[in-house]
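Q: Residue numbers (the working numbering): 5 to 271.
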């Protein structure tokens, strides 16, 4: 209702900017209330960004005079929703709206559950600057959708049925866990190891934020070769070289520990 009133009657900065700031939270909370549970991974990590992206879709339609081309009255509900004037500064308003969503989510959980006011900034960077690896991670996430997923320090962690681990943008995949009823020493050591691996992979997510489209070339490719080459594996075993000796793996463990204050895997 506020958005409609602003579109119909407001002028100046209120019409030009406040309405655009509020529209992203308005769309987000509508969809969250009607369709998605508030604590789901989708509603916390994906839906805010999709709402932000929707704002830019509207701007693109305005740039091509979509409403005018279809003969839509600018005072009609659909015309109000689409808007009539393209302005790239509206993108900043949409981003402020995205931050407001993040602030609400942080306050809603009393700053717990890995929700902080700045998490939309990281999500935004993952899906723009780090789009290539994040999109790849999203595809892998969907492929293993039946596996266990949960929040992990601002990213999405998946326990997949493999002994290895991978980090792709805001999605990390860590080794399979022992049976929950297994209390043996071996199972306990495995769980500790998996948590250290998760800290290591979390360090990779910051490399992705820093390097963006260069991540796969600077980090991903050397890491894959280092991990999958039988020749390099035999060399590491023969000379007792730890896996973290490679610059990108050492860097990931260091950053993971620096940010989380927890122990990362250095083996």
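Think of the CB as a built atom: it goes at the ideal place given N, C-alpha and C, for glycine as much as any other residue.
So what's residue 100 in DSSP terms, helix, strand or just coil?
A: Counting from one through the chain shown, the residue named residue 100 turns up at place 96. If DSSP states are grouped into helix, strand and coil, residue 100 belongs with the helices.
Q: State the Cα-Cα distance for the pair residue 47 and residue 40, rounded to the nearest angstrom.
A: Indexing the chain shown from 1 puts residue 47 at position 43. Indexing the chain shown from 1 puts residue 40 at position 36. In a straight line, the C-alpha of residue 47 is about 6 angstroms away from that of residue 40.
Q: What does the Cβ neighbour count give for residue 175, buried or exposed, with the cut at 16 atoms within 10 Å?
A: Here residue 175 refers to the residue found at position 171 of the chain shown. It counts as buried.
Q: Along the chain, where does the alpha helix (DSSP H) that runs through residue 215 open and close?
A: Looking up residue 215 in the chain shown gives position 211. Element bounds for residue 215: 189–215.
Q: Quick check: residue 207 and residue 257, are their CB atoms within less than 8 angstroms of each other?
A: Residue mapping note: residue 207 aligns to position 203 of the chain shown, counting from 1. Residue mapping note: residue 257 aligns to position 253 of the chain shown, counting from 1. Yes, these two residues count as a Cβ contact at 8 angstroms.
Q: Residue 26: which of 38, 13, 97, 199 sits nearest, CA to CA?
A: Counted from its first residue, the chain shown places residue 26 at position 22. Checking every option, the nearest Cα to that of residue 26 belongs to 97.
Q: Would you check if there are 3 or more beta carbon pairs closer than 8 angstroms linking the stretch 55–68 to the stretch 136–153?
A: Flag = no, the stretch 55–68 and the stretch 136–153 do not touch.
Q: So, with DSSP's three-state summary, where would you put residue 138?
A: Reading the chain shown from its first residue, position 134 is the one you call residue 138. Helix.
Q: Based on Cα-Cα distance, which residue from 218, 202, 251 lies nearest to residue 180?
A: On the chain shown, residue 180 is found 176 positions in, with the first residue counted as 1. Looking at the Cα atoms, 202 is the closest of the given residues.
Q: Could you pull the start and end residues of the beta strand (DSSP E) that residue 171 belongs to?
A: Numbered from its first residue, the chain shown carries residue 171 at position 167. From DSSP, the beta strand (DSSP E) with residue 171 extends over 170–172.
Q: Pull up the distance between the alpha-carbon of residue 250 and that of residue 21, whole angstroms please.
A: Along the chain shown, one-based indexing puts residue 250 at 246. Along the chain shown, one-based indexing puts residue 21 at 17. If you take the alpha carbons of residue 250 and residue 21, they lie about 49 angstroms apart.
Q: State the beta-bridge partners of residue 161 as determined by DSSP.
A: Stepping through the chain shown from its first residue, residue 161 is reached at position 157. Looking at the DSSP assignment, residue 161 forms a beta bridge with 154, 176.
Q: Taking 8 angstroms as the cut-off, decide whether the C-beta atoms of residue 28 and residue 102 are in contact.
A: By 1-based counting over the chain shown, the position of residue 28 is 24. By 1-based counting over the chain shown, the position of residue 102 is 98. Cβ atoms of residue 28 and residue 102: closer than 8 angstroms.
Q: Could you round the C-beta distance between residue 158 and residue 134 to whole angstroms and report it? I think they count as a contact, below 8 angstroms.
A: Position 154 of the chain shown, counted from the first residue, corresponds to residue 158. Position 130 of the chain shown, counted from the first residue, corresponds to residue 134. Not really, about 14 angstroms apart at Cβ, beyond 8 angstroms.
Q: Quick one: what's got a C-beta closer than 7 angstroms to residue 31's C-beta in the same chain, skipping five residues either side?
A: Taking the chain shown and counting its residues from 1, one reaches residue 31 at position 27. Here the set comprises 55, 58.
Q: Could you compute how far the alpha carbon of residue 38 sits from the alpha carbon of residue 165?
A: Indexing the chain shown from 1 puts residue 38 at position 34. Indexing the chain shown from 1 puts residue 165 at position 161. Rounded to whole angstroms, residue 38 to residue 165 spans 34 angstroms at the Cα level.
Q: Determine, using beta carbons only, whether residue 163 and residue 178 come nearer to each other than 8 angstroms.
A: Residue 163 sits at position 159 when you count from the first residue of the chain shown. Residue 178 sits at position 174 when you count from the first residue of the chain shown. Yes.
Q: Expressed to the nearest angstrom, what Euclidean distance is found between the alpha-carbon atoms of residue 149 and residue 136?
A: Taking the first residue of the chain shown as position 1, residue 149 is located at position 145. Taking the first residue of the chain shown as position 1, residue 136 is located at position 132. In a straight line, the C-alpha of residue 149 is about 20 angstroms away from that of residue 136.
Q: Using CA atoms only, rank isn't needed, just tell me which of 199, 160, 10, 8 is closest to residue 268.
A: Here residue 268 corresponds to residue number 264 of the chain shown, with the count starting at 1. The candidate whose alpha carbon is nearest that of residue 268 is 199.
Q: Whose C-beta lies closer than 6 angstroms to the C-beta of residue 252 among residues of the same chain, with five residues either side of it excluded?
A: On the chain shown, position 248 is the one that residue 252 refers to. Within the same chain, residue 252 has close Cβ partners 223, 226, 227.
Q: Of the residues 205, 156, 191, which one's Cα is nearest the Cα of residue 171?
A: Position 167 of the chain shown holds residue 171. Answer by Cα proximity: 205.
Q: Between which two residues does the alpha helix (DSSP H) holding residue 148 run?
A: Your numbering for residue 148 matches position 144 in the chain shown. Where residue 148 is concerned, there is no enclosing alpha helix (DSSP H), given that its DSSP letter is neither H nor E.
Q: Taking the C-alpha atoms as reference points, what is the distance between residue 255 and residue 194?
A: Taking the chain shown and counting its residues from 1, one reaches residue 255 at position 251. Taking the chain shown and counting its residues from 1, one reaches residue 194 at position 190. About 23 angstroms.
Q: Would you mind stating whether residue 130 and residue 213 have Cβ atoms separated by less than 8 angstroms?
A: As a first step, residue 130 must be located in the chain shown, where it is residue number 126. As a first step, residue 213 must be located in the chain shown, where it is residue number 209. Contact: yes.
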